[in-house]
Each structure stands twice: as C-alpha cells, then as structure tokens.
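Going down the list, the sequences are from chains A and B. Going by the working numbering, the first sequence opens with residue 1158, and the numbers climb by one from there. Going by the working numbering, the second sequence opens with residue 53, and the numbers climb by one from there. A virtual CB, placed ideally from N, CA and C, is assigned to each residue, including glycine. The structure appears right after this line, and notes come after that.
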Amino acid sequence: MEQESHLVLCVDDELVGLQVRRILLERAGYRVVTAQDGSSGLEIFSSEPVEAVILDYSMPGMHGGEVATRMRQIKPAVPILLLSAYIGLPLEVTSLVDLYMTKGEGAPLLLQKLGSLLEPVNAS
Amino acid sequence: MNLRQFNGILRQVFLLPVVALLVTAGALYWQIRGANATVDLIQDSDARITQATLISRLMVDEESGLRGYETTADTRFLQPYIDAEASLPAEFQRLSNIAGANAEEKHDLDDLRNEQQTWRDAFALQLIAQVRAGGQTSDVDLNLRGKTMMDEIRHDIADIIHDAEMQRTRRIMRWHQQVRAMLLGLLFLALGIGVLIGLFTRDRLHAVSAAYRTSLEVLSRRAEELFQSEQRLRTTLASIGDGVITCDVDGRVQMMNPVAQELTGWEQADANGRPLEEIFRIFDETTREPLETPVAKVKRLNSTIGLAQQTMLIHRNGTELNIADSAAPIRDQMGNTTGIVLVFRDITMERKTQDALIANEKLAVAGRLAATIAHEIHNPLDSVSNLLYLMRNNSSPEESKQFMDMAEQELTRVTQISRAMLGLYRESKAPVPVDLREMLQEILLLMERRFLDLGVTVSSSLPAAISVAAFPAELRQVFTNLITNAAEAAGHGGEVRVSIEWQAARADATGQKLQAGAVVKIADNGAGIPDEVLPQLFQPFFTTKGEQGTGLGLWVSRGIVSKHGGTITLASNTSASAHGTVVSVFLAKNPTVNAGGD
C-alpha cells in the first residue's frame, strides 16, 4: 500500500481548505504534499516525484493558469486537476489541464476524478 | 416726408399768397400814385385856366374902366382900371407860379405880360394923362393902336386858355389811360398770381398727398409685417415642445400654448385672466408643501429663475407630473417688468428613467462583485462539505470534534461575507449612525478576492471608529464603487490605500462654515486620469472601461454623497514619478440630509 500510493501535490492559498483536502486525500490512500502559492508549488513539482496535481485557480502572485503552463513545460505527462471556486473559467485556462471541476461538488466526486486521472498510471 | 418737411410746406403755402398780395398791393400803390400825379396835373391845368380867365376878366375890367374914364373924364370910372392894375402883377405871378407849365406856356405868359405892360405904358397911361390934362381924347390913331394892342392881348389870353384846356384834355386822357392800364395790370397780376398760387399749392399738395400715400403704404406694410411676425411667433409657441404660459404683471394668465394647456389641463379660454397659481399648481415632491409661485419669485428676485428641483405639477384632473421649469420677467423697452413668461416641461419619464438607472447601477455594483462573492462563499463551503464527508467516514470522536470546529470557523466566514453582501441592499428610511471603519472593513473583506485576482495590494489606515449619520446601503455602494475603481486603476502589482480621518469644524476659503465630519480617502498608484477626462468623470454614461463599465458609478456616487450633504473630490497625477489618483469623500457627522439629492 505504501509503495503503491500516489504522490499528489495540492496547491491552494486557502489554508483551511488545503488542510481539509490533505486529510481527505490521505484517508483515501494518497501521499500528499501541499503548497500555498504557485511558486512554492512549482518548486515542489520540480523536486518531488509528483504523480498528480490538484491546483487552485485564484491565488496571490500567480494564478492557476500560469502555474499549469509552467508545470506542462516541466513535466508534461503529470495530470493536473484544476479545482476552483469560480464557475466558468475561460477555455484557454481549462484547456491547459486534464480536468476542471468546481469547489463544493463534494469529496466523492473529487476522489473519483482524481482516481480516473491516475488509472493509466496503475495500468502501466 | 417727416413732420418738419410737412410744416415747411404749410409755411410755404401760407407765405406765398401773403407775398403775392403784398406785391399786388405794391403795384397798385405805384399805379395809384401815377394816377394821383396826373390828377394833380389836371388840377394844375384847371387852376391855370381859372387864373387865365381871371386875368382876362381883370383886363376887360381894366379896359372898360379906361374907356369909361376916357368918355367921362370922371376918375370914379377909372377905379376898376386902378383896381385891376393893382392886382394884375400879383395875378400874373400866381399864374406863372402854377406848376406844370411847359416852356411855350411860360413864353406865352411872358409875352402876355409884356403886351399888357406895353398896352398900359403906350396907351392907357398916355390916355389917362391926356384926359387928366383935359386934352382931346378922340385921337383915332391912339385909340386904334390901343384897340389893336388889346385885341392882341385878348387873342393871347384866349390862346393861353385854349392851350391850358388842351393840356387838361390831354392829361385827362392820360389819367384815363393810366386807370385802364392799372385795371388791366391788376387783372393780369391777379390772374398771374392766382395761377401761380394755384400751381404752387397744387404742387405742394401733391407732395403732401404723395407723402401721405407713402405713409399709408408703409403703415399697411408694417401692419402686415407685424401680423406676419406675430403669426410666426404664435406658430413657434404652438409648435414648441415645452409648455409656455405668459402672465401679466399681476400674475394673471394671458396666453398658454398647446403643450401648457395639455400639461395643466386648462383650456386657454378657461384660463384667461385667472391667477397663475390656480392654473399652475405646484408643490415639492418630497415635502408635498406648495411651492412659491413663479410670479412671486420672479417679482421678488427680478430676474430669470429656474424653479426648485422636485417640482410636481397638479393637472386639472388631479394627476401629478414631475416638471422642470424656469420663469423670466418680460420687460418693455424701458426695462419695466410688464409680465412673466413661464416655460416648463414634463420630466416624469426622465425622472423614471433616472430612477431606473440609479436602481440599475445599484444592482450593477452588487453584480460586479457577485462572482468574487460567490467565490468567497464557495471556498469555505467546499471545506465544510469535505469536513462533513470526513466526519461521516470513519472519524474518531476527537477527529470529529476537530473537524466540527474547523467547519464552524468556515461557516463564520460565510456568514460575514453574506452579511456584508446584504448590507449593499439593506434600505433605511432615515439616516442612522454608521461606523465608517466597520463599513470599510466589511467592504474590504468582501473585495479581498477581487484584489487578489487583480494582483492589487490593499492597505488601510482605519485608526478609530468614526460614526456619521447616513444611509448605510447607499454609502456602501459609494465606497464599493470607489474602491473597485481604485483597484482597477492600480492594476496588477499596484497599490490601493484606504484611510479615514476626522476633520474638525472649519471655514473654507470663502468663509463658508463647514461641519465637523469624516474624510474617507481612497488612493491608488495607477496611471492617473488625464486632465481632459477629469471634467467628464461625474457625467452619466461616461466610462473609461469600455464594455466593462456602465458609466454610472461616479455619477450615482456623487448623487448619494450630495444627498448626504457631503462632497466628493478627485485629484489625479499622471506624471511618471508620482502618478495616481486620490478620491476624497467628506461626510458631515450630522448632515442636513437632502432627500432629493442633486
């Protein structure tokens, strides 16, 4: 279980939301690293063997769109799930990521979508 | 022809006959004088004839006396001779003295005198001497010579008389000619002068008549022009889109155009002569107090006036209209007020549109924030929903307690945000004490995410609670608007500073006393506003944000601040080193709230 668990990076400026999400994902069997803004998220993304990213959009300094672009440049294969409180983000942002969902859709859906992103990894 | 020329003609027509009569009188006088001279000459001739006859008679007396003496030698018979001899020289002299004698007559007279002397010396004296000597007197030669001499004398006298009579006849003829010439002259003169006066008077009267005709034409043209101009004026007044009422100086209605009749519901015929306040009933929209009539106000101020805002007009049927109007005195050429003209129009639709715009802008302020507010609510809700999921799935009681605390914390955030949001809508009928610090903090909280998205840093200096009497929802709208503007102007990496300062009561530059109150300053370090744009900022529908802006924010904000008896001022700098804009809103602590706004 330990060896098979995936390493997931969560980036969000909302501290409480980030903590809760971390607990949620850890309970679901993932290993979780967190960052509170885009730049520290990118550092971890580069240095750690991150297998999936759950990315907030609205953040100070650098928004989710920019962070996703940089991540694609660094490791294009790592799936990115954009999780934002905004509904209806522009297409040029959503097209950068593998999946886009809005906050408040519920934990089961988030876990299910994250699972679907990581399935190809399991298969390989 | 003016009055001076007309008087000139009158003078000419009066003077010409006078001058003509004077000339005629002069001519008549000259003629009469000529005739009188002739009459004098005739009288001379008469005198000459009489005198010559007298001399002739004296000579006869002389000779008769001499003959009597010769016959009788009685000296008494000689007396006539002596008498005649004594008076003859004088009579001769008198005859010669009579004027008007010609040379021939004078010569004849001299001859006669000589002959008489010759007769006396050569005959009479000789004869008398002979008789006195008692000598013979029957000498034929002497007597014959005396007779011859006397015959000669008689003949000469007869000639003289004859000549004088001839002369008299000629003079009488001349007098007759003169009189005839005078009559003819007078006739021709009278005729000539009459014709002259007639022609002259006719000519002058023609001139007067022509001038009169011209005057009549001018008058009729003027009347026509006046009629046309009045007609034009009437048409203009009838076609004009505003209501126009004119009153006399006592405020009695004289004229109403169709729009005025429609807006007041009074026909011109009914309204004529009635006091204006009966036709044009106006009151204040807010207080519903009757307003001073425009007539009274114009008379009081003696100048053009715009009537108060919020004027409502009551139609004859009782319906009420918002109107905008102005009134002005009508002055005559001397500058005296002779009446009042009132111009007004129905702005009910305009007011409704304006109210709708203001309401719309209020929604727009909230609408622009809606996305960020939803975001702010979504974030804690997401956490709460996740926490609930965790609690439901295998959480220990300790963990559940921790999760519940976290959920509660998140819900408090949601409540704060929704309360701030509601504040934008809450209406109050009267001003209430508003803590500006609390209000600004709430607005900043609500807008936090927006600043984040824009990449703007916000700092605030809100040292102490400052309370002013205000309508909170409206003030919130103003500050939200101004802070949004500042954040958008500052842009990515920019800064916005929000501060409140207390301002003590003071007097401004013009000596006007200003109340104590609060100054809220919202400053950004954006590019600044160019000078040419500044004057338009507070106009409705002016926006620098293209599709993003309604152009109503500042207009409505100013309206709200004015309603609070406050002021809103804007200072901007576009220089490279110190660019940025500062908006200052002054709010008095206890303002006289101006319900209508401006």
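Consult DSSP for residue i and reduce its assignment to one of helix, strand or coil.
| i | result |
| --- | --- |
| Gln306 (chain B) | strand |
| Val1235 (chain A) | coil |
| Gly1174 (chain A) | helix |
| Gln567 (chain B) | coil |
| Asn642 (chain B) | coil |
| Tyr1243 (chain A) | coil |
| Ala522 (chain B) | strand |
| Tyr133 (chain B) | helix |
| Ser267 (chain B) | helix |
| Val301 (chain B) | coil |
| Pro432 (chain B) | helix |
| Gln219 (chain B) | helix |
| Glu553 (chain B) | strand |
| Phe573 (chain B) | Position check: residue 573 (chain B) holds Lys in this sequence, whereas Phe was assumed. Strand at Lys573 (chain B). |
| Pro485 (chain B) | strand |
| Val71 (chain B) | helix |
| Arg558 (chain B) | strand |
| Thr596 (chain B) | coil |
| Asp650 (chain B) | Interpretation of Asp650 (chain B) is limited by its pLDDT of 38, a score under 50 that renders its predicted location unreliable; no figure is taken from the coordinates. |
| Pro1265 (chain A) | helix |
| Ser480 (chain B) | coil |
| Phe590 (chain B) | coil |
| Asp255 (chain B) | helix |
With a CB to CB cut of under 7 Å and the five nearest residues on each side skipped, what residues in its chain are close to residue i?
| i | result |
| --- | --- |
| Pro327 (chain B) | Gly303, Arg304 |
| Ala323 (chain B) | Val305, Met308, Ile331 |
| Ala125 (chain B) | Val183 |
| Arg558 (chain B) | Leu566 |
| Ser1281 (chain A) | Confidence in Ser1281 (chain A) is poor, its pLDDT being 41 and thus under 50, which makes the residue's placement unreliable; the coordinate value appears in the next sentence. Answer for Ser1281 (chain A): no residue qualifies. |
| Ile399 (chain B) | Asn374, Ile375, Ala376 |
| Phe523 (chain B) | Ser480, Pro483 |
| Asn1279 (chain A) | Here the model assigns Asn1279 (chain A) a pLDDT of 47, short of 50, so the residue's position is not dependable and the matter cannot be decided. |
Residue i versus chain B: which residues are under 8 Å apart at the beta carbon?
| i | result |
| --- | --- |
| Lys1260 (chain A) | His430, Asn431, Leu433, Asp434 |
| Glu1205 (chain A) | What Glu1205 (chain A) touches in chain B: nothing, since even the nearest Cβ is about 23 Å away. |
| Leu1181 (chain A) | Asn438, Tyr441, Leu442 |
| Arg1184 (chain A) | Leu442, Asn445, Asn446 |
Along chain A, which residues have their Cβ under 7 Å away from the Cβ of residue i?
| i | result |
| --- | --- |
| His427 (chain B) | Ser1215, Ala1242, Tyr1243 |
| Leu504 (chain B) | Ser1215, Pro1217 |
| Gln555 (chain B) | Going along chain A, no residue has its Cβ under 7 Å from Gln555 (chain B), so there is no contact; the nearest lies around 35 Å. |
| Met456 (chain B) | Near Met456 (chain B) there are no residues of chain A at all, since even the closest Cβ is about 12 Å away, more than 7 Å. |
Listing by chain order, which chain B residues have their CB less than 9 Å from the CB of residue i?
| i | result |
| --- | --- |
| Arg1266 (chain A) | Looking at the sequence shown, residue 1266 (chain A) is not Arg but Leu. Those do not exist, as Leu1266 (chain A) stays about 10 Å from chain B at its closest Cβ, beyond 9 Å. |
| Gly1174 (chain A) | Asn431, Pro432, Asp434, Ser435, Asn438, Glu462 |
To which residues of the same chain is residue i closer than 6 Å at the C-beta, ignoring the five residues directly before and after it?
| i | result |
| --- | --- |
| Asn354 (chain B) | none |
| Pro1236 (chain A) | Ala1209, Asp1255, Leu1274 |
| Ala647 (chain B) | Note that Ala647 (chain B) scores 49 on pLDDT, short of 50, meaning its location in the model is unreliable; the coordinates nonetheless yield the value given after this. Within the same chain, Ala647 (chain B) has close Cβ partners Thr338. |
| Arg222 (chain B) | none |
| Ala1185 (chain A) | Leu1268 |
| Leu278 (chain B) | none |
If I measure Cβ to Cβ from residue i and keep anything under 8 Å in the same chain, skipping five residues before and after, which residues do I get?
| i | result |
| --- | --- |
| Leu27 (chain B) | Any property of residue 27 (chain B) remains undetermined from this structure, which presents chain B solely from 53 to 650. |
| Gly649 (chain B) | Here the model assigns Gly649 (chain B) a pLDDT of 39, short of 50, so the residue's position is not dependable and the matter cannot be decided. |
| Leu1172 (chain A) | Gln1193 |
| Leu161 (chain B) | Phe144, Leu147, Ser148, Ala153, Ile212 |
| Ser97 (chain B) | Gly152, Ala216, Glu217, Gln219, Arg220, Arg223 |
Using a Cβ-Cβ distance under 8 Å, would residue i count as near chain E?
| i | result |
| --- | --- |
| Gln588 (chain B) | No chain E appears in this structure, whose protein chains are A and B. |
Run through chain A and tell me which residues come within less than 8 Å of residue i, C-beta to C-beta.
| i | result |
| --- | --- |
| Ala423 (chain B) | Tyr1243 |
Could you name the residues of chain B that residue i contacts, counting a contact when the two beta carbons are closer than 7 Å?
| i | result |
| --- | --- |
| Glu1171 (chain A) | Asn431 |
| Arg1178 (chain A) | Asn438 |
| Gly1195 (chain A) | In chain order: nothing, as chain B lies at least about 12 Å away. |
| Gly1198 (chain A) | Neighbours of Gly1198 (chain A) on chain B: none; closest Cβ ~16 Å, over 7 Å. |
Sort out for me which residues DSSP pairs residue i with in a bridge.
| i | result |
| --- | --- |
| Leu622 (chain B) | B:Val635 |
| Tyr1257 (chain A) | A:Leu1239 |
| Ala1209 (chain A) | A:Val1165 |
| Val1190 (chain A) | A:Leu1166 |
| Thr509 (chain B) | B:Glu547 |
| Val585 (chain B) | None, per the DSSP bridge assignment. |
| Val296 (chain B) | B:Val395 |
Note down, in chain order, every chain A residue with its Cβ under 9 Å from the Cβ of residue i.
| i | result |
| --- | --- |
| Arg501 (chain B) | Ser1215, Ala1242 |
At what residue ranges does the segment 310 to 398 of chain B contain a whole run of the beta strand (DSSP E), taking only runs of 3 or more? Counting only runs of 3 or more, we get 333 to 336, 363 to 366, 372 to 383, 389 to 398.
Could you give the uninterrupted runs of the alpha helix (DSSP H) lying entirely in the segment 142 to 201 of chain B, keeping only those of 4 residues or more? Those alpha helix (DSSP H) runs which fall completely within the segment 142 to 201 of chain B and span 4+ residues are 155 to 171, 177 to 184.
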